[in-house]
Amino acid sequence: MNLAAIAIEKRAITNFGIALILVGGIFCYFQLGQLEDPEFSVKTAAITTIYPGASAEQVELEVTDRLETKLQEMTEIKNVYSNSRPGLSIIKVDIKSNYWSERLPQVWDVLRKKVADVEPTLPPGAGKPKIGDDFGYVFGFLLAVSSDGFSYAELEGHVKDMRKELSVVKGVARVDFWGVQDKRIYVEVSSPQLTELNLTPEQIISTLQKQNLVVDAGQVDYQTQRLRVAPTGEFQTPEEIGDLAITSVVNGREEIIRIRDFATVKFGYIDPPGHILRHNERQAIALAIAPAAGENVVEVGKRIDLRINELLADLPVGINVERISWQSDQVSESIRAFMVSLIEAVAIVLALLAITMGIRPGIIIGISGLVFPILGTFIVMAIWGIDLHRISLGALIIAMGMMVDNAIVVTDGIMVRIASGMDRKQAAIEAANGPAMPLLGATVVACMAFFPIFASSYDTGEYAGSLFTVVAISLLLSWVFCQTVGPILCIAMLPGPKEGQAAVEPYQGKLYQLFRKLLSMTIRFRLLFLGSMVGLLFLSVVGFRWVPQLYFPDSSRLQVMVDYWAPEGTRIQQTDADLQRIEEFVQQHDATVSVSAFIGKGPPRFYLPVSAEDPYTSYAQLIINTKSLDGVNQLVAETDAWVK
Numbered sequence: 000m001n002l003a004a005i006a007i008e009k010r011a012i013t014n015f016g017i018a019l020i021l022v023g024g025i026f027c028y029f030q031l032g033q034l035e036d037p038e039f040s041v042k043t044a045a046i047t048t049i050y051p052g053a054s055a056e057q058v059e060l061e062v063t064d065r066l067e068t069k070l071q072e073m074t075e076i077k078n079v080y081s082n083s084r085p086g087l088s089i090i091k092v093d094i095k096s097n098y099w100s101e102r103l104p105q106v107w108d109v110l111r112k113k114v115a116d117v118e119p120t121l122p123p124g125a126g127k128p129k130i131g132d133d134f135g136y137v138f139g140f141l142l143a144v145s146s147d148g149f150s151y152a153e154l155e156g157h158v159k160d161m162r163k164e165l166s167v168v169k170g171v172a173r174v175d176f177w178g179v180q181d182k183r184i185y186v187e188v189s190s191p192q193l194t195e196l197n198l199t200p201e202q203i204i205s206t207l208q209k210q211n212l213v214v215d216a217g218q219v220d221y222q223t224q225r226l227r228v229a230p231t232g233e234f235q236t237p238e239e240i241g242d243l244a245i246t247s248v249v250n251g252r253e254e255i256i257r258i259r260d261f262a263t264v265k266f267g268y269i270d271p272p273g274h275i276l277r278h279n280e281r282q283a284i285a286l287a288i289a290p291a292a293g294e295n296v297v298e299v300g301k302r303i304d305l306r307i308n309e310l311l312a313d314l315p316v317g318i319n320v321e322r323i324s325w326q327s328d329q330v331s332e333s334i335r336a337f338m339v340s341l342i343e344a345v346a347i348v349l350a351l352l353a354i355t356m357g358i359r360p361g362i363i364i365g366i367s368g369l370v371f372p373i374l375g376t377f378i379v380m381a382i383w384g385i386d387l388h389r390i391s392l393g394a395l396i397i398a399m400g401m402m403v404d405n406a407i408v409v410t411d412g413i414m415v416r417i418a419s420g421m422d423r424k425q426a427a428i429e430a431a432n433g434p435a436m437p438l439l440g441a442t443v444v445a446c447m448a449f450f451p452i453f454a455s456s457y458d459t460g461e462y463a464g465s466l467f468t469v470v471a472i473s474l475l476l477s478w479v480f481c482q483t484v485g486p487i488l489c490i491a492m493l494p495g496p497k498e499g500q501a502a503v504e505p506y507q508g509k510l511y512q513l514f515r516k517l518l519s520m521t522i523r524f525r526l527l528f529l530g531s532m533v534g535l536l537f538l539s540v541v542g543f544r545w546v547p548q549l550y551f552p553d554s555s556r557l558q559v560m561v562d563y564w565a566p567e568g569t570r571i572q573q574t575d576a577d578l579q580r581i582e583e584f585v586q587q588h589d590a591t592v593s594v595s596a597f598i599g600k601g602p603p604r605f606y607l608p609v610s611a612e613d614p615y616t617s618y619a620q621l622i623i624n625t626k627s628l629d630g631v632n633q634l635v636a637e638t639d640a641w642v643k
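So for the sequence shown, numbering that gives the first Met the number 0 puts the first residue at 0; every next one is plus one.
Quick look at the structure:
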């Protein structure tokens, strides 16, 4: 099939197709999902079991070991990690990497059944194991809400209202809290008072439990209706607890006294806190927002921004809403960098080809070899559901260097034939059709270099599989357009032979003569040349072992993360005090924009390569936003030196 001849003969259809690709490519570019990283399943689950009062050894023997033994029956499991602490068992399970996102739900079902089988064998004091398998959520939008002059309860109320509003924003899948403290009502009484009243803590607890029971009080028939009876008496405020009467026997006499007469009842929060968040040295609560799968993160970020600005208008003065991490900014920067690379690539191609081949051939190759293949790739990506992210954008940048090859070969062939006196139409058909199959073969070979990544059934294939897909689409389209768009542009833009003009031998220039001599020497000393090539291949294979290997590349985020570990068993208040000293140092640095301190456990997964640390009172993490990449490096060096 001679694609060039068909495209030239059916010019109207070809022109319509060109217009369709031009408009469709631009439209699809703005419709594609825009993400920081491709969707990737985190194959980890955590089983957490509380066992109040048990030592670490008892937790290990009576809870952790039983669960581990049962879980190891699963063939899907790759690794099992456990941590037994006084009163707490944490088991983390890694699933084999060939179980991708579509197969994981079934694996989690099997895991839940295994845990359920062990549950009846756990000691009476142990709680029900809690299974967490949602580590794959990336909370790309992380907000810190703090206050000046408001109580913690008031701040919490405003944050909960914000969560409700942000949860219904289009494109938002989930909104979680971080840093919310558990509420408590404390009944404080001294031991001497209990002794004087002949009361025990158990009596007070039993009385409170009986009063606050939720029971079914039955129903009452009234005319044509059946009404549910709802007894009152549940505690709503600390004052109601203080008014509760309790029976005491003092000096042989039974007395009825109220709890407030011998105890202090007050509202408060769990002490010590399980975890603490500070943002810019103010206590805060974080809102972690995860975008829905396949959504354009940039557009979701704009919607969240708009809704936050609307909410801020209704919030009282003194409530501060600030960003900790904002994924849409990272994605926008990646897209901007790609567009800059595309413009630079087209400009470089045009400049180089204008110097070596002329301005018109350069424009032809830039349009048929770069612009149209990329626009066509956007259309296919939209049809196949491939989003714009660091892998697909990287694939396009990689392919840019190879896209123009086909267009250069065809355009140069047409120019040579026209210079030899051939008619432009005939020159275009022959120059495109002659090397069509060899060019297609070379294009397929170039595509297949990336196929092992796509064919991998492990994490690499799931994360980076679109690298092959996008490269293959763009290179194959470059071949199609060099056979169709390229010849038409050459006919329209290249000057034809003038009447009476003698045919020109195109291969007599100085560059061709130099190349001819080099080629002759290579053929003459072919054994030496082939031997040197084999030697270089061997050296490259041997030297590959020293090439650094990193699954995720270094991030270009303007952020620094500082992990702080105090000795095991350190109180969270002490960890908090230690971290405040580091915060004060970092806050004074010129490169610092904001500092967020997560104490007691790691922050939500706000970036795919970062996983949250388990809860430890001795652990804390700082997230520092900086002004520039230079500031990142400077801050890391100076903070590291100061801490040491």
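Where a beta carbon is used, it is the ideal one built from N, C-alpha and C, also for glycine.
(request) Compare the C-alpha of G568 against each of P614, D116 and Q326 and name the closest. (result) P614
(request) Compare the C-alpha of H274 against each of S617, N632 and A640 and name the closest. (result) S617
(request) Could you pull out every unbroken beta strand (DSSP E) segment of at least 3 residues lying fully inside the region 242 to 316, listed in chain order? (result) 244 to 249, 252 to 257, 263 to 268, 275 to 278 and 281 to 290
(request) Sort I184, D220, T223 and Q218 by Cα distance to I204 and report the nearest one. (result) I184
(request) Identify every residue that forms a DSSP beta bridge with K182. (result) Y268
(request) Out of A344, D458 and L607, state which residue places its alpha-carbon closest to the alpha-carbon of M402. (result) A344
(request) List the endpoints of the continuous alpha helix (DSSP H) containing V339. (result) Q326 to T355
(message) If you reduce the DSSP assignment to three classes, tell me which class Q645 lands in.
(response) An answer regarding residue 645 cannot be provided, because it is not within the stretch 0 to 643 covered by the chain.
(request) Identify which residue in N1, E8 and F26 has its Cα closest to the Cα of I382. (result) F26
(request) Since I believe V186 is in contact with A244 (beta carbons under 8 Å), could you give me their beta-carbon distance rounded to a whole number of angstroms? (result) Contact doesn't hold; Cβ gap of about 14 Å is too wide.
(message) Quick check on M447: buried or exposed, where buried means 16 or more other Cβ atoms within 10 Å of its Cβ?
(response) exposed
(request) Take the Cβ of F467 as the centre, count every other Cβ of all protein chains shown within 10 Å, and call the residue buried at 16 or more, exposed below. (result) buried
(request) Confirm, please, whether the CB-CB distance from A125 to S83 is below 7 Å. (result) no
(message) With the cut-off set at 7 Å, would you say P494 and A3 are in Cβ contact?
(response) no
(request) Decide if K209 is buried, meaning its Cβ has at least 16 other Cβ atoms within 10 Å, or exposed. (result) exposed
(message) Using C-beta distances below 8 Å, list every residue in its chain close to R570, excluding the 5 sequence neighbours before and after it, in chain order.
(response) P271 and T616
(request) Could you work out which residue in A6, L70 and G464 is closest to D116 when comparing CA atoms only? (result) L70
(message) By alpha-carbon positions, which one of L439, I522 and I373 ends up nearest to S340?
(response) I373
(request) May I ask you to report which of helix, strand or coil DSSP gives S391? (result) helix
(request) Give the secondary structure of A590 by DSSP, where H, G and I count as helix, E and B as strand, and everything else as coil. (result) coil
(message) Please report the straight-line C-alpha distance between V594 and E637, rounded to a whole angstrom.
(response) 16 Å
(request) Determine, using beta-carbon pairs with one atom in the region 305 to 325 and one in the region 192 to 204, whether at least three such pairs fall under 8 Å. (result) no
(request) Taking the CB atoms as reference points, tell me whether K112 and K95 lie closer together than 7 Å. (result) no
(request) Spatial neighbours of F449 within its chain, please: CB distance less than 7 Å, with the 5 preceding and 5 following residues excluded, ordered by chain position. (result) L466, F467 and V470
(request) Can you check DSSP and say which residues form a bridge with D175? (result) A287
(request) Could you name the residues of the same chain whose beta carbon sits closer than 6 Å to that of S324, not counting the 5 residues immediately before and after it, in chain order? (result) L141 and F605
(message) Output needed for D422: all residues of its chain with C-beta closer than 6 Å, excluding positions within five of it in sequence on either side, in chain order.
(response) none
(message) Looking at the secondary structure, which residues open and close the beta strand (DSSP E) in which N197 lies?
(response) Run containing N197: none; DSSP gives neither H nor E here.
(message) For S539 and V546, I'd like the C-alpha separation in whole angstroms.
(response) 10 Å
(request) Could you pull out every residue in the same chain whose Cβ sits closer than 7 Å to the Cβ of P237, ignoring the five residues on either side in sequence? (result) I184, V264, K265 and F266
(message) Looking at Q579: is its Cβ nearer than 7 Å to the Cβ of G601?
(response) no
(request) Name the one or two DSSP bridge partners that L87 has. (result) I49 and R84
(message) Tell me which residues share the same chain as L476 and place their Cβ nearer than 7 Å to its Cβ, disregarding the 5 neighbours each side in the sequence.
(response) P372, G375 and T376
(message) Distance check for I240 and F234, CA to CA, integer angstroms please.
(response) 6 Å
(request) Flag this pair as touching only if the region 388 to 399 and the region 509 to 526 have three or more C-beta atom pairs under 8 Å; answer yes or no. (result) no
(message) Measuring straight from C-alpha to C-alpha, what distance separates A596 and E298?
(response) 29 Å
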